[in-house]
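Worksheet: the structure to be examined is printed underneath.
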Amino acid sequence: MNRLWVKLFAAFAAVIAVGMLVTVVVARQAGAAQFSHFMVGNQMVSPHVLQQVVGDFYAQQRSWDGVNARLPALMRASSDGGMMGGMMGGMMGMFDARVRLVDAQGTVVADSMGRIDATWEANPGDTRLPIVADDRQVGMLYIDGAMMTMPMGADSALLTGLTRAVLTGAVVAGLVALLLAAFVVRQIARPVIELGRAAQRIAHGDLAVRVATGRGDELGALAGSFNSMAASLQEQERLRRNLIADIAHELRTPLSGIQGNIEALQDGVFPLTADNLTPIHEQTLLLNRLVDDLRTLALADAGELTLHVERVDLAQLIAGVLDSFRPQAQEAECGFAQHHIRDRQGEIHQDVTHKRGDQV
1279 MNRLWVKLFA AFAAVIAVGM LVTVVVARQA GAAQFSHFMV GNQMVSPHVL QQVVGDFYAQ
1339 QRSWDGVNAR LPALMRASSD GGMMGGMMGG MMGMFDARVR LVDAQGTVVA DSMGRIDATW
1399 EANPGDTRLP IVADDRQVGM LYIDGAMMTM PMGADSALLT GLTRAVLTGA VVAGLVALLL
1459 AAFVVRQIAR PVIELGRAAQ RIAHGDLAVR VATGRGDELG ALAGSFNSMA ASLQEQERLR
1519 RNLIADIAHE LRTPLSGIQG NIEALQDGVF PLTADNLTPI HEQTLLLNRL VDDLRTLALA
1579 DAGELTLHVE RVDLAQLIAG VLDSFRPQAQ EAECGFAQHH IRDRQGEIHQ DVTHKRGDQV
């Protein structure tokens, strides 16, 4: 579980699973609510629940006063009760049904159509449901008209079918989402894996390695930054190698001079005098300066370099350098001389004046 693509895929899978669960639960609850609204809107009630609701009304009121005005509300309450609580003997949808409530004396006290007819007589085909309160019959419900019988548990079967359909759709959508997630995870993880491999190659000394930068997103920018870093490291390595070669060359020059002077003294080419030891001393000083230069480079890399600027006599500096190599030149039977520029002072003055004027 430590690999990036595994973590990303697990995160996508968890989000998809939660989405599927929420979809199924919300769809089931919404289906139940819509089914309940459908039943109430179409007066699809459970006769036995309506019988119980009307009986509870009498038990609370202790009379039938106001029952005619409350009958529609009682029928809606029986619709909710039939939906949520189940029914004994089934549910009856009363699209054109008429409900009448008769008290114990046979007087009509409530009519779903709002017409109380004192001379009304029950039809033989009416559904009769006695209303009982306090262990005694206080009235009778008469239901007539077109009725549609709904089987026991029809609401549960409907919700089960709805849940199964939603779950099937959610599973299919989840599988498609997982495939898309796998593709997205691969697109994210692949460049990261390539960057990791390239970093390992750089750690092993392969500074020429580069990664693809064709993407236009943050991962592409990261790959570009990685390539810039690798190029900078490669350039620094090249400069380091050149520096080592230059240092070796610079150290070899004074060491060769010291070696030549000492061998000349040993062979008796020059007498061992203070003047003949001076070039050796100067070469030694040059070595010290080179060592100081190396230390200066180290300070420059550390950002702690402090420059000390001073006036330099170029003629004296060149003369000193030539004197340090004079013994080697004599041993090789060759010579060199220092020449001064003659009759060019005016031109030099003019050139310096022009350059200074341009700067000003």
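Going by our numbering, the first residue of the sequence shown is number 1279, and it counts up by one from there.
Idealized CB from N, CA, C, for every residue including glycine.
Bear in mind that the values here come from a model prediction, so they are computed numbers and not experimental data.
>> Buried or exposed, going by whether 16 or more other CB atoms sit within 10 Å of the CB of P1408?
In response: exposed
>> With a threshold of 8 angstroms, are at least 3 pairs of Cβ atoms found where one atom belongs to the region 1299–1307 and the other to the region 1471–1478?
In response: no
> L1521: which of L1575, V1377 and V1463 sits nearest, CA to CA?
Replying inline: L1575
> How is G1368 classed by DSSP in three states: helix, strand or coil?
Replying inline: Here the model assigns G1368 a pLDDT of 42, short of 50, so the residue's position is not dependable, and the following value carries that caveat. In the structure shown, G1368 sits in coil (DSSP, three-state: anything other than H, G, I, E or B).
> Can you pull the DSSP bridge partners for R1378?
Replying inline: D1389 and Y1420
> Which runs of the beta strand (DSSP E) spanning at least 3 residues fall entirely within the region 1520–1579, listed in chain order?
Replying inline: none
> Measuring CA to CA, which of I1558, L1517 and A1523 is closest to S1534?
Replying inline: I1558
>> For G1333 and A1382, which I take to be in contact (beta-carbon distance under 8 angstroms), what is that distance rounded to the nearest angstrom?
In response: In fact, because the Cβ distance is near 13 angstroms, the residues do not count as touching under 8 angstroms.
> Would you call G1538 buried or exposed, if buried means 16 or more other Cβ atoms sit within 10 Å of its Cβ?
Replying inline: Answer is buried; the Cβ neighbour count reaches 16.
>> Among the candidates L1565, G1483 and A1308, whose CA atom is the shortest distance from the CA of H1527?
In response: L1565
> Looking only at C-alpha atoms, which of E1496, P1402, V1599 and L1349 sits nearest to R1661?
Replying inline: Absent from the structure is residue 1661, since the part of the chain shown begins at 1279 and ends at 1638.
> Where does P1259 land, buried or exposed, given buried means 16+ other C-beta within 10 angstroms?
Replying inline: Nothing can be reported for residue 1259, as the shown portion of the chain is limited to 1279 through 1638.
> Can N1554 and L1563 be called in contact, C-beta distance under 8 angstroms?
Replying inline: no
> Alpha carbon to alpha carbon, how far is L1352 from A1291?
Replying inline: 48 angstroms
> Smallest Cα separation from V1410: which of Q1330, G1439, G1483 and E1399?
Replying inline: Q1330
> Would DSSP call V1410 helix, strand or coil?
Replying inline: strand
> Under 8 angstroms between the Cβ atoms of A1448 and F1287?
Replying inline: no
> Between A1597 and Q1512, what straight-line distance do the alpha-carbon atoms span, to the nearest angstrom?
Replying inline: 41 angstroms
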